[in-house]
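Under the working numbering, the first residue of the sequence shown is numbered 2, with each subsequent residue one higher.
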Amino acid sequence: MACYRLMAWSHRHHLVPLTMIANKVNAVLGQCIIGRGATFGPGFVLIHSQGVVINGAVRGGSRVFVEHQVTIGAEKDQSPVLGDRIFLGAGAKIVGAVTIGSDVRVGANAVVVRDVPSGVTVGGVPARILRTQDGAASIDAAP
């Protein structure tokens, strides 16, 4: 996390050489790749950094928690936007120009390819709503 924070700070201050060095150190020591332009609010946490890949155009809110082997990526120059208070389970994939609302939990190995509303838990391939914020079970049958 320290390498990511240094990279983000140096990127904001246009210190390109330091940004590139911090990015490479993060890739080697943290065993993860976070694009230089990726931005997250306060409280961004890599719970386990191994195998995490985050595209440089990704925008995330505050208190985003990411487990290992998570990919947050672009598809044809379109990147995901994440809200606040997000949990991404191990192996989750967020792909394309999707928006994930606030207070969302993405289950392990879920593949998110369409927008996710706030206050839900999603899982599966492709991801679908499994539970709403009030705790009611709800299976979204649409693929």
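Where a beta carbon is used, it is the ideal one built from N, C-alpha and C, also for glycine.
Contacts around residue i, its chain only, beta-carbon distance under 7 angstroms, and the 5 residues preceding and following it disregarded
{"i": "ALA142", "result": "Only weak support is given to the placement of ALA142: the predicted model assigns it a pLDDT of 45, under 50, and the question is left unresolved by the model."}
{"i": "SER11", "result": "LEU19, THR20 and ALA23"}
{"i": "PHE45", "result": "GLY61 and VAL65"}
{"i": "LEU7", "result": "ALA23"}
Cβ separation of residue i and residue j, assumed to be a contact under 8 angstroms, to the nearest whole Å
{"i": "ILE48", "j": "ILE35", "result": "Their Cβ separation, rounded to whole angstroms, is 14 angstroms, which puts ILE48 and ILE35 out of contact at 8 angstroms."}
{"i": "ASP116", "j": "SER103", "result": "The Cβ separation is near 13 angstroms, so there is no contact."}
{"i": "ALA9", "j": "THR40", "result": "7 angstroms"}
Cβ pair residue i, residue j closer than 8 angstroms
{"i": "ILE87", "j": "VAL99", "result": "no"}
{"i": "GLY52", "j": "ARG37", "result": "no"}
{"i": "GLY92", "j": "VAL71", "result": "yes"}
{"i": "GLU68", "j": "GLY97", "result": "no"}
Beta-carbon contacts of residue i that lie in its chain and below 8 angstroms, excluding the five residues immediately before and after
{"i": "ILE140", "result": "Its pLDDT being 48, under 50, ILE140 is placed unreliably in this model, and the coordinates cannot settle the point."}
6 angstroms Cβ shell around residue i - same chain, five flanking residues per side excluded
{"i": "GLY124", "result": "GLY108, ALA111 and LEU131"}
For this session: Check whether the region 75-82 touches the region 51-67, counting contact only when three or more Cβ pairs, one atom from each stretch, lie closer than 8 angstroms.
Result: yes
Problem set entry | Runs of beta strand (DSSP E) wholly within the region 51-124 (minimum 3 residues, chain order) | 65-67, 72-74, 87-89, 94-96, 105-107 and 121-124
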